[in-house]
Amino acid sequence: MAWGHSRVSRMVLVTAFLPTPALQAAAPTAAESTMSGCGSHVASRVASPAASGNAESRREPHEPSPGQIARMNADFTRRRQLAHRTGLQTGLQVGLQTRPRKRSGITVPVVVHVITSGELGPPDAAVHRQIEALNRAYGGDYGGADTGVHFALRGITHTANAQWFRNPLTYELPMKQALRRGGPETLNLYLAQLSELVLGYSTYPYWYQDNAQLDGVVIDWRSLPGGPLRNFNRGFTSVHEIGHWLGLVHTFENGCTAPGDSVADTPFEAYPTEGCPETRKNTCPLPGDDPVHNFMDYSYDRCMRQFTAGQGARMRAMWDMYRRPGHTEVT
34 MAWGHSRVSR MVLVTAFLPT PALQAAAPTA AESTMSGCGS HVASRVASPA
84 ASGNAESRRE PHEPSPGQIA RMNADFTRRR QLAHRTGLQT GLQVGLQTRP
134 RKRSGITVPV VVHVITSGEL GPPDAAVHRQ IEALNRAYGG DYGGADTGVH
184 FALRGITHTA NAQWFRNPLT YELPMKQALR RGGPETLNLY LAQLSELVLG
234 YSTYPYWYQD NAQLDGVVID WRSLPGGPLR NFNRGFTSVH EIGHWLGLVH
284 TFENGCTAPG DSVADTPFEA YPTEGCPETR KNTCPLPGDD PVHNFMDYSY
334 DRCMRQFTAG QGARMRAMWD MYRRPGHTEV T
(Lines of atoms letter the chains of each structure in order from A and count residues from 1; the text may use other names and numbers.)
(Lines give C-alpha, C1' and ligand atoms only; values in the text may rest on other atoms or scores of the structure.)
Protein backbone atom coordinates (compact mmCIF):
# COMPACT_ATOMS: atom_id res chain seq x y z
CA MET A 1 0.00 0.00 0.00
CA ALA A 2 1.18 3.55 -0.66
CA TRP A 3 1.87 6.05 2.09
CA GLY A 4 -0.43 8.49 0.40
CA HIS A 5 -1.06 10.46 -2.72
CA SER A 6 -2.36 13.97 -3.01
CA ARG A 7 -1.46 17.23 -4.71
CA VAL A 8 -1.76 20.70 -3.28
CA SER A 9 -0.63 24.13 -4.41
CA ARG A 10 2.93 24.27 -3.02
CA MET A 11 3.46 21.02 -1.16
CA VAL A 12 3.04 17.81 -3.11
CA LEU A 13 2.40 14.45 -1.51
CA VAL A 14 3.62 11.65 -3.73
CA THR A 15 3.00 7.93 -3.68
CA ALA A 16 5.92 6.02 -2.18
CA PHE A 17 5.71 2.25 -2.36
CA LEU A 18 7.18 0.37 0.56
CA PRO A 19 8.27 -3.25 0.93
CA THR A 20 5.86 -3.63 3.84
CA PRO A 21 2.29 -2.32 4.19
CA ALA A 22 2.05 1.32 5.18
CA LEU A 23 -0.74 3.62 6.19
CA GLN A 24 -1.99 6.43 4.02
CA ALA A 25 -1.24 10.06 4.73
CA ALA A 26 -4.00 12.34 5.89
CA ALA A 27 -5.26 15.13 3.66
CA PRO A 28 -3.11 18.25 4.16
CA THR A 29 -4.40 21.08 6.28
CA ALA A 30 -4.72 24.62 4.93
CA ALA A 31 -1.41 25.51 6.53
CA GLU A 32 0.29 22.42 5.17
CA SER A 33 -0.87 23.23 1.67
CA THR A 34 1.59 26.13 1.58
CA MET A 35 4.67 24.00 2.21
CA SER A 36 7.44 24.30 -0.33
CA GLY A 37 10.84 24.38 1.29
CA CYS A 38 12.27 23.97 4.74
CA GLY A 39 13.49 26.31 7.41
CA SER A 40 12.78 28.74 10.21
CA HIS A 41 15.14 29.10 13.10
CA VAL A 42 16.83 27.04 15.76
CA ALA A 43 15.43 23.72 16.96
CA SER A 44 12.85 23.36 14.25
CA ARG A 45 12.52 22.68 10.56
CA VAL A 46 9.66 24.41 8.81
CA ALA A 47 8.38 24.41 5.30
CA SER A 48 9.64 27.65 3.83
CA PRO A 49 11.56 30.67 5.11
CA ALA A 50 9.84 32.87 2.55
CA ALA A 51 6.38 31.63 3.46
CA SER A 52 6.92 32.17 7.17
CA GLY A 53 6.77 35.96 7.19
CA ASN A 54 9.00 38.22 9.22
CA ALA A 55 11.46 37.09 11.88
CA GLU A 56 8.97 37.26 14.74
CA SER A 57 6.29 35.30 12.91
CA ARG A 58 8.84 32.60 12.08
CA ARG A 59 9.55 31.71 15.70
CA GLU A 60 8.94 27.99 16.11
CA PRO A 61 8.61 25.39 18.88
CA HIS A 62 11.52 25.47 21.34
CA GLU A 63 13.37 28.13 19.36
CA PRO A 64 15.94 29.79 21.62
CA SER A 65 16.35 33.53 21.48
CA PRO A 66 19.77 34.98 20.59
CA GLY A 67 20.28 35.64 24.28
CA GLN A 68 19.50 32.03 25.17
CA ILE A 69 21.92 30.79 22.53
CA ALA A 70 24.61 33.07 23.96
CA ARG A 71 23.96 31.62 27.43
CA MET A 72 24.09 28.10 26.01
CA ASN A 73 27.48 28.82 24.45
CA ALA A 74 28.75 30.41 27.65
CA ASP A 75 27.67 27.41 29.74
CA PHE A 76 29.26 25.01 27.26
CA THR A 77 32.54 26.96 27.36
CA ARG A 78 32.48 27.07 31.16
CA ARG A 79 31.96 23.32 31.39
CA ARG A 80 34.77 22.57 28.95
CA GLN A 81 37.19 24.83 30.82
CA LEU A 82 36.30 23.29 34.18
CA ALA A 83 36.51 19.77 32.80
CA HIS A 84 39.91 20.54 31.29
CA ARG A 85 41.23 21.97 34.55
CA THR A 86 39.85 19.01 36.50
CA GLY A 87 41.52 16.62 34.09
CA LEU A 88 44.86 18.38 34.40
CA GLN A 89 44.66 18.37 38.21
CA THR A 90 43.78 14.67 38.28
CA GLY A 91 46.69 13.88 36.01
CA LEU A 92 49.14 15.79 38.16
CA GLN A 93 47.89 14.15 41.35
CA VAL A 94 48.62 10.66 40.04
CA GLY A 95 51.86 11.68 38.37
CA LEU A 96 50.61 11.26 34.82
CA GLN A 97 51.64 13.29 31.81
CA THR A 98 48.54 14.71 30.17
CA ARG A 99 48.46 13.99 26.47
CA PRO A 100 45.79 14.43 23.84
CA ARG A 101 43.58 11.37 23.77
CA LYS A 102 42.31 9.80 20.61
CA ARG A 103 38.67 10.74 20.27
CA SER A 104 36.43 7.70 20.26
CA GLY A 105 33.00 7.60 18.71
CA ILE A 106 29.75 7.65 20.61
CA THR A 107 26.72 5.42 20.30
CA VAL A 108 23.33 7.01 20.92
CA PRO A 109 20.57 4.65 22.11
CA VAL A 110 17.32 5.47 20.32
CA VAL A 111 13.73 4.78 21.32
CA VAL A 112 11.19 5.65 18.62
CA HIS A 113 7.62 6.45 19.67
CA VAL A 114 5.15 5.98 16.82
CA ILE A 115 2.03 8.04 17.52
CA THR A 116 -0.93 7.25 15.30
CA SER A 117 -4.50 8.43 14.92
CA GLY A 118 -5.58 4.81 15.02
CA GLU A 119 -5.43 4.70 11.23
CA LEU A 120 -2.60 6.97 10.10
CA GLY A 121 1.08 6.50 10.81
CA PRO A 122 4.29 4.90 9.55
CA PRO A 123 5.22 1.20 9.45
CA ASP A 124 8.12 -0.14 11.51
CA ALA A 125 10.04 -0.73 8.29
CA ALA A 126 10.17 3.04 7.77
CA VAL A 127 11.55 3.49 11.29
CA HIS A 128 14.38 1.07 10.51
CA ARG A 129 15.12 2.93 7.29
CA GLN A 130 15.26 6.17 9.29
CA ILE A 131 17.88 4.72 11.63
CA GLU A 132 19.88 3.59 8.61
CA ALA A 133 19.66 7.10 7.12
CA LEU A 134 20.87 8.60 10.42
CA ASN A 135 23.90 6.35 10.53
CA ARG A 136 24.76 7.05 6.91
CA ALA A 137 24.41 10.82 7.36
CA TYR A 138 26.39 10.99 10.59
CA GLY A 139 28.91 8.48 9.26
CA GLY A 140 29.73 10.59 6.21
CA ASP A 141 28.31 8.17 3.64
CA TYR A 142 26.56 10.94 1.71
CA GLY A 143 29.76 12.93 1.22
CA GLY A 144 30.43 14.76 4.48
CA ALA A 145 32.69 14.10 7.44
CA ASP A 146 32.31 11.07 9.67
CA THR A 147 31.09 12.72 12.87
CA GLY A 148 31.87 9.73 15.09
CA VAL A 149 28.19 9.49 16.09
CA HIS A 150 26.33 6.20 15.69
CA PHE A 151 22.68 5.41 16.46
CA ALA A 152 21.42 2.11 17.88
CA LEU A 153 17.68 1.40 17.89
CA ARG A 154 16.67 0.12 21.34
CA GLY A 155 12.92 -0.04 20.88
CA ILE A 156 9.78 1.09 19.09
CA THR A 157 6.58 1.95 20.95
CA HIS A 158 3.15 2.33 19.36
CA THR A 159 0.46 4.62 20.72
CA ALA A 160 -2.94 5.35 19.19
CA ASN A 161 -3.97 8.81 20.34
CA ALA A 162 -5.63 11.15 17.86
CA GLN A 163 -4.93 14.29 19.93
CA TRP A 164 -1.23 13.57 20.31
CA PHE A 165 -1.00 12.60 16.66
CA ARG A 166 -2.65 15.74 15.29
CA ASN A 167 -1.25 18.25 17.78
CA PRO A 168 1.87 16.93 19.52
CA LEU A 169 2.99 20.41 20.56
CA THR A 170 -0.18 21.19 22.52
CA TYR A 171 -0.06 17.78 24.22
CA GLU A 172 3.72 17.59 24.39
CA LEU A 173 4.07 17.34 28.17
CA PRO A 174 1.54 14.55 28.82
CA MET A 175 2.73 12.71 25.71
CA LYS A 176 6.36 12.77 26.75
CA GLN A 177 5.59 12.10 30.41
CA ALA A 178 3.80 8.93 29.36
CA LEU A 179 6.28 7.72 26.76
CA ARG A 180 9.78 9.02 27.42
CA ARG A 181 12.44 6.47 28.33
CA GLY A 182 16.04 6.61 29.51
CA GLY A 183 18.30 9.41 30.65
CA PRO A 184 20.05 12.30 28.91
CA GLU A 185 21.93 9.92 26.62
CA THR A 186 18.77 8.31 25.21
CA LEU A 187 17.31 9.86 22.09
CA ASN A 188 13.52 9.73 22.26
CA LEU A 189 12.22 10.27 18.73
CA TYR A 190 8.49 10.98 18.49
CA LEU A 191 6.69 10.49 15.18
CA ALA A 192 3.41 12.35 14.80
CA GLN A 193 1.72 14.58 12.22
CA LEU A 194 2.75 18.21 12.44
CA SER A 195 1.14 21.21 10.81
CA GLU A 196 1.48 24.99 10.50
CA LEU A 197 4.53 24.55 8.25
CA VAL A 198 6.59 22.67 10.86
CA LEU A 199 8.42 19.50 9.83
CA GLY A 200 10.09 18.86 13.17
CA TYR A 201 11.48 20.36 16.36
CA SER A 202 13.96 19.45 19.07
CA THR A 203 15.28 20.28 22.50
CA TYR A 204 18.93 21.07 23.25
CA PRO A 205 21.42 19.30 25.56
CA TYR A 206 21.70 22.45 27.68
CA TRP A 207 18.00 22.28 28.56
CA TYR A 208 18.01 18.76 29.98
CA GLN A 209 19.10 19.74 33.48
CA ASP A 210 16.10 22.06 33.87
CA ASN A 211 13.40 20.14 31.99
CA ALA A 212 14.32 16.52 31.41
CA GLN A 213 10.71 15.50 30.74
CA LEU A 214 10.59 17.44 27.47
CA ASP A 215 13.91 16.18 26.14
CA GLY A 216 13.71 14.66 22.67
CA VAL A 217 12.90 15.18 19.01
CA VAL A 218 9.47 15.36 17.35
CA ILE A 219 9.17 15.00 13.58
CA ASP A 220 6.41 14.63 11.03
CA TRP A 221 6.17 10.92 10.22
CA ARG A 222 5.68 11.74 6.55
CA SER A 223 9.30 12.94 6.35
CA LEU A 224 10.70 9.45 6.99
CA PRO A 225 12.62 7.77 4.13
CA GLY A 226 10.13 6.86 1.42
CA GLY A 227 7.43 9.06 2.96
CA PRO A 228 4.87 11.14 1.07
CA LEU A 229 6.43 14.60 1.51
CA ARG A 230 8.08 15.45 -1.79
CA ASN A 231 11.42 17.20 -1.23
CA PHE A 232 11.45 16.04 2.40
CA ASN A 233 11.27 12.25 2.26
CA ARG A 234 14.86 11.05 2.63
CA GLY A 235 14.83 11.14 6.42
CA PHE A 236 16.91 14.30 6.67
CA THR A 237 14.42 16.17 8.85
CA SER A 238 15.40 13.72 11.59
CA VAL A 239 19.08 14.18 10.73
CA HIS A 240 18.66 17.95 11.07
CA GLU A 241 16.65 17.90 14.31
CA ILE A 242 18.95 15.39 15.97
CA GLY A 243 21.80 17.76 15.14
CA HIS A 244 20.03 20.24 17.44
CA TRP A 245 19.54 17.52 20.08
CA LEU A 246 23.31 16.98 19.96
CA GLY A 247 24.01 20.70 20.33
CA LEU A 248 24.30 22.16 16.83
CA VAL A 249 22.53 25.33 15.76
CA HIS A 250 21.71 26.35 12.21
CA THR A 251 24.52 27.28 9.85
CA PHE A 252 22.94 30.72 9.41
CA GLU A 253 22.77 31.46 13.15
CA ASN A 254 23.85 35.08 13.76
CA GLY A 255 24.01 35.68 10.01
CA CYS A 256 27.32 37.21 8.94
CA THR A 257 28.23 38.16 12.52
CA ALA A 258 30.58 36.22 14.80
CA PRO A 259 30.34 33.70 16.36
CA GLY A 260 27.95 32.43 13.68
CA ASP A 261 27.09 28.83 14.50
CA SER A 262 30.20 28.51 16.72
CA VAL A 263 31.77 25.99 14.31
CA ALA A 264 34.98 27.14 12.62
CA ASP A 265 34.70 25.14 9.39
CA THR A 266 31.15 26.13 8.39
CA PRO A 267 31.10 29.39 6.38
CA PHE A 268 28.95 32.27 7.59
CA GLU A 269 25.49 32.49 6.02
CA ALA A 270 23.18 35.51 6.13
CA TYR A 271 19.90 33.63 5.73
CA PRO A 272 18.66 30.05 5.26
CA THR A 273 18.72 28.25 1.96
CA GLU A 274 15.42 27.43 0.31
CA GLY A 275 15.06 24.63 -2.22
CA CYS A 276 18.23 23.37 -3.88
CA PRO A 277 20.23 26.18 -5.51
CA GLU A 278 21.70 25.39 -8.91
CA THR A 279 24.27 28.18 -8.64
CA ARG A 280 26.60 29.37 -5.91
CA LYS A 281 25.04 31.09 -2.91
CA ASN A 282 27.29 33.50 -1.06
CA THR A 283 25.46 35.88 1.26
CA CYS A 284 28.30 37.11 3.48
CA PRO A 285 31.43 39.15 2.58
CA LEU A 286 33.56 36.48 4.25
CA PRO A 287 35.52 33.44 3.03
CA GLY A 288 33.54 30.52 1.67
CA ASP A 289 30.24 29.98 -0.11
CA ASP A 290 27.10 29.33 1.90
CA PRO A 291 26.93 25.72 3.19
CA VAL A 292 23.82 24.87 1.18
CA HIS A 293 24.55 21.13 1.37
CA ASN A 294 24.93 21.10 5.14
CA PHE A 295 22.35 19.17 7.15
CA MET A 296 21.94 22.17 9.46
CA ASP A 297 20.80 24.51 6.66
CA TYR A 298 17.28 24.36 5.16
CA SER A 299 17.78 22.93 1.70
CA TYR A 300 15.57 20.24 0.21
CA ASP A 301 16.54 16.74 1.30
CA ARG A 302 18.05 15.99 -2.11
CA CYS A 303 20.45 18.92 -1.64
CA MET A 304 21.62 17.94 1.86
CA ARG A 305 24.61 15.65 2.21
CA GLN A 306 27.12 16.70 4.84
CA PHE A 307 28.23 17.56 8.31
CA THR A 308 31.69 19.07 8.74
CA ALA A 309 34.50 17.75 10.92
CA GLY A 310 34.00 20.77 13.17
CA GLN A 311 30.32 19.99 13.62
CA GLY A 312 31.25 16.42 14.52
CA ALA A 313 33.73 17.66 17.12
CA ARG A 314 31.15 20.02 18.61
CA MET A 315 28.52 17.28 18.87
CA ARG A 316 30.95 14.93 20.59
CA ALA A 317 32.00 17.69 22.99
CA MET A 318 28.35 18.50 23.75
CA TRP A 319 27.80 14.81 24.41
CA ASP A 320 30.67 14.76 26.89
CA MET A 321 29.43 17.87 28.68
CA TYR A 322 25.69 17.12 28.80
CA ARG A 323 24.65 13.64 27.68
CA ARG A 324 27.41 11.13 28.35
CA PRO A 325 26.18 8.27 30.59
CA GLY A 326 27.44 8.74 34.13
CA HIS A 327 28.19 12.39 33.48
CA THR A 328 28.49 14.47 36.63
CA GLU A 329 27.60 18.16 36.60
CA VAL A 330 30.69 20.34 36.78
CA THR A 331 30.39 23.49 38.89
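Numbered according to our numbering, the sequence shown spans residues 34 to 364. Glycine residues also receive a C-beta, built at the ideal position from the N, C-alpha and C atoms. The model shown is predicted, which means the values in this text are computed figures rather than measured ones.
Can you check DSSP and say which residues form a bridge with residue i?
i: LEU115; result: DSSP, once it has assigned bridges, lists no residue as partnering LEU115.
i: ASN200; result: Answer is none; ASN200 lacks a bridge partner.
i: GLN101; result: BP columns for GLN101 are empty, so no partner.
i: ASN315; result: ASN315 pairs with nothing; no bridge assigned.
i: ASN327; result: GLN339
When the Cα of residue i is compared with those of the options, which residue comes out closest?
i: TYR175; options: ASP334, ALA195, LEU279 and LYS209; result: ASP334
i: ASN106; options: ASP157, THR149, GLY308 and MET351; result: MET351
i: GLY288; options: ASP179, VAL144, GLN196 and ASP323; result: ASP323
i: VAL147; options: VAL250, ALA342 and GLU286; result: VAL250
i: SER150; options: PRO305, LEU227 and ARG199; result: ARG199
i: TYR304; options: GLY293, VAL231 and ASP157; result: GLY293
i: GLY172; options: PHE109, ILE139, PRO320 and THR192; result: ILE139
i: GLU152; options: VAL182, PRO142 and THR192; result: THR192
i: THR110; options: GLU286, ASP353 and GLY359; result: ASP353
i: TYR241; options: ASP108, CYS336 and GLY321; result: ASP108
i: ILE275; options: THR180, LEU202 and SER137; result: THR180
i: GLY321; options: ASN221, ARG263, THR284 and ALA178; result: THR284
i: ALA225; options: GLU218, ALA245, ASN194 and TRP278; result: ASN194
i: PHE265; options: LEU232, GLY215, TRP278 and ALA245; result: LEU232
i: PRO142; options: ILE102, ALA178 and PHE184; result: PHE184
i: GLY280; options: GLU218, ARG267 and MET337; result: GLU218
i: VAL144; options: PRO207, ARG112, MET348 and THR190; result: THR190
i: ARG263; options: LEU202, TYR204, GLY308 and HIS326; result: GLY308
i: GLY100; options: THR203, GLU286 and GLY154; result: GLU286
i: ALA178; options: ILE102, PHE340, LEU202 and ARG113; result: PHE340
i: TYR331; options: GLY345, LEU227, PRO310 and THR290; result: PRO310
i: LEU227; options: CYS336, ASP243, TYR204 and ALA245; result: TYR204
i: ASP243; options: TYR355, HIS277 and PRO258; result: TYR355
i: ALA346; options: ARG338, TRP197 and SER137; result: SER137
Could you spell out where the beta strand (DSSP E) holding residue i opens and where it closes?
i: PRO142; result: 139 to 149
i: VAL182; result: 182 to 193
i: TYR223; result: 220 to 225
Could you check where the alpha helix (DSSP H) with residue i kicks off and where it finishes?
i: VAL282; result: VAL282 -> no alpha helix (DSSP H), and no H or E assigned at all.
i: TYR171; result: 157 to 171
i: ALA350; result: 342 to 351
i: ALA211; result: 205 to 212
Using 7 Å as the cut-off, classify the Cβ of residue i as near or not near the heavy atoms of the ligand NAP, replying yes or no.
i: THR110; result: Only the bare structure without any ligand can be found here, which leaves the ligand NAP out of the picture.
Of all Cβ atoms in chain B, is any one closer than 8 Å to the Cβ of residue i?
i: HIS95; result: Of the chains in the structure shown, none is chain B; there is only one protein chain.
May I ask you to verify whether the region 297 to 314 touches the region 246 to 260, counting CB pairs closer than 8 Å and requiring at least 3? no
Hey, which unbroken runs of the beta strand (DSSP E) at 3 residues or more fall wholly within the region 227 to 270? 231 to 235 and 250 to 253
Please determine if the region 155 to 165 and the region 230 to 242 are in contact, where contact requires at least 3 C-beta pairs separated by less than 8 Å. no
Contact between the region 268 to 276 and the region 163 to 173 (3+ Cβ pairs under 8 Å): yes
Taking 8 Å as the threshold, find out whether the region 309 to 321 comes into contact with the region 192 to 212 through three or more Cβ pairs. no
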